[in-house]
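Asker: Per the working numbering, residue 217 is the first one in the sequence shown, and the count goes up by one each step.
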Amino acid sequence: MNGALIRGALAFVLTTQEDIEVVAEVERAEDIAPALRAQRPDVAVADVKLFGAGMLSGRTVATEPPPVLVLVDPRRPRVLGDALRAQCQRLGFLGSDAAPERLVDAVRRLASGGSVVDADLVVAALSRDNPLTPREVEVLEIAAEGWPVMEIASKLSLSPGTVRNHLCRIAGKTGARTRIEAVRIAREEGWI
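So, in structure tokens, the structure goes:
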């Protein structure tokens with residue numbers, strides 16, 4: 217889904233509240249620290265994908281960073297680890313599919329010094345097993361090397377249609393839109 221559309225929808229939901237003002241929206245991770253320095257918000261809301269380079273740490277913000285509500289795709293809860301390793305002191309975690317009321321409540325709780333942890337995300341992050349069958353793992357490992365469907369089929373003595381079916385099921389199980397994304401997700405999760 218389009219990042220600008222999601223950001224706009226989040227901003228709209230938050231601005232409908234009398235006690236919440238959206239002071240900035242940024243598209244790229246490298247724009248976060250300058251926006252935090254310039255706007256000094258009470259709470260920042262960020263997609264978990266923006267973590268990794270310490271973008272919300274005190275080192276890059278040059279002041280005490282605000283609490284951060286981290287939105288996590290519930291289909292990929294293991295990426296919580298990246299956010300947990302970030303050096304921001306106060307993090308809250310909420311599924312990116314949460315109802316608007318939960319988002320508003322989470323922002324208010326963080327602003328008042330409370331904590332926010334979506335228990336379902338934590339449980340999923342700790343217990344998610346590999347959803348791929350052994351054959352799907354084989355198909356994806358070969359696909360990860362860049363081989364086209366015909367070559368994958370030949371290497372595994374399968375028909376091209378069967379390989380396409382496996383790739384389709386893999387995409388569904390990983391929540392990926394492309395084969396490359398499925399490979400990336402499976403590697404991040406430790407499935408291949």
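Each residue gets a CB set at the ideal place from its N, CA and C atoms; glycine is no exception.
Does the beta-carbon of Ala-315 have 16 or more other beta-carbons within 10 angstroms, so that it is buried, or is it exposed?
Answerer: As a first step, residue 315 must be located in the sequence shown, where it is residue number 99. By the neighbour-count rule (16 or more Cβ atoms within 10 Å), Ala-315 is not buried but exposed.
Asker: Look up Val-261 in the DSSP assignment and give the residues it is bridged to.
Answerer: For the purposes of this step, residue 261 is identified with residue 45 of the sequence shown, where counting begins at 1. Beta-bridge pairing links Val-261 to Leu-285.
Asker: According to the neighbour-count rule (16 or more other Cβ atoms, all chains shown, within 10 Å of its Cβ), is Gly-274 buried or exposed?
Answerer: Within the sequence shown, numbered from 1, the residue matching residue 274 stands at position 58. Legend: pLDDT at Gly-274 = 48, less than 50; position of this residue unreliable, value from coordinates given subsequently. Gly-274 is exposed by the Cβ-count criterion.
Asker: Below 6 Å CB to CB, which residues in the same chain sit around Ile-401 once its five sequence neighbours on both sides are set aside?
Answerer: Within the sequence shown, numbered from 1, the residue matching residue 401 stands at position 185. Thr-390, Ala-392, listed in sequence order.
Asker: How far does the alpha helix (DSSP H) with Gly-219 in it extend, from its first residue to its last?
Answerer: Position 3 of the sequence shown, counted from the start, is the residue given in the question as residue 219. Here the alpha helix (DSSP H) through Gly-219 covers 219 to 231.
Asker: Quick one, which of Pro-282, Leu-356, Phe-228 has its alpha-carbon nearest Ala-254's?
Answerer: Position 38 of the sequence shown, counting from 1, holds the residue named residue 254. It is Pro-282 whose Cα lies nearest to the Cα of Ala-254.
Asker: Determine, using beta carbons only, whether Asp-235 and Arg-325 come nearer to each other than 9 Å.
Answerer: Locating residue 235 in the sequence shown gives position 19, where the first residue counts as 1. Locating residue 325 in the sequence shown gives position 109, where the first residue counts as 1. Taking 9 Å as the Cβ cut-off, Asp-235 and Arg-325 do not qualify as a contacting pair.
Asker: Tell me which residue opens and which closes the beta strand (DSSP E) that Leu-307 is part of.
Answerer: Indexing the sequence shown from 1 puts residue 307 at position 91. Run containing Leu-307: 307 to 311, per the beta strand (DSSP E) assignment.
Asker: Relative to the C-alpha of Glu-317, which candidate in Phe-228, Ile-408, Trp-407 has its C-alpha closest?
Answerer: To locate residue 317, count along the sequence shown from 1; it is residue 101. Out of Phe-228, Ile-408, Trp-407, Phe-228 has the C-alpha closest to the C-alpha of Glu-317.
Asker: If you run the structure through DSSP and keep just helix, strand and coil, what is Val-332?
Answerer: Counted from its first residue, the sequence shown places residue 332 at position 116. Looking at Val-332 - three-state DSSP - the assignment turns out to be coil, as it is neither helix nor strand.
Asker: Alpha carbon to alpha carbon, what distance is there between Gly-377 and Ser-312?
Answerer: By one-based count along the sequence shown, residue 312 stands at place 96. By one-based count along the sequence shown, residue 377 stands at place 161. Their Cα atoms are separated by approximately 34 Å.
Asker: In this structure, does DSSP put Arg-400 in helix, strand or coil?
Answerer: Your numbering for residue 400 matches position 184 in the sequence shown. Note: Arg-400 maps to helix in three-state DSSP.
Asker: Between Val-242, Val-286, Arg-403, Gly-362, which lies nearest to Leu-337 when the distance is taken from Cα to Cα?
Answerer: Translated into the one-based positions of the sequence shown, residue 337 becomes position 121. Ranking Val-242, Val-286, Arg-403, Gly-362 by Cα distance to Leu-337 puts Val-286 first.
Asker: Thinking Ile-408 and Leu-356 are a contact (beta carbons under 8 Å), I'd like their distance in whole angstroms, please.
Answerer: Counted from its first residue, the sequence shown places residue 408 at position 192. Counted from its first residue, the sequence shown places residue 356 at position 140. Sure, about 5 Å apart at Cβ, within 8 Å.
Asker: Report back the beta-carbon spacing between Gln-243 and Gly-219 to the nearest angstrom; my notes put them in contact at under 8 Å.
Answerer: Translated into positions along the sequence shown, residue 243 becomes position 27. Translated into positions along the sequence shown, residue 219 becomes position 3. Note that residue 243 is Glu in the sequence shown, not Gln. Contact flag correct, Cβ pair sits at about 6 Å.
Asker: Following the continuous alpha helix (DSSP H) through Thr-378, name the residue where it begins and the one where it ends.
Answerer: Against the sequence shown, residue 378 aligns to sequence position 162. 376 to 390 is the span of the alpha helix (DSSP H), which, as asked, contains Thr-378.
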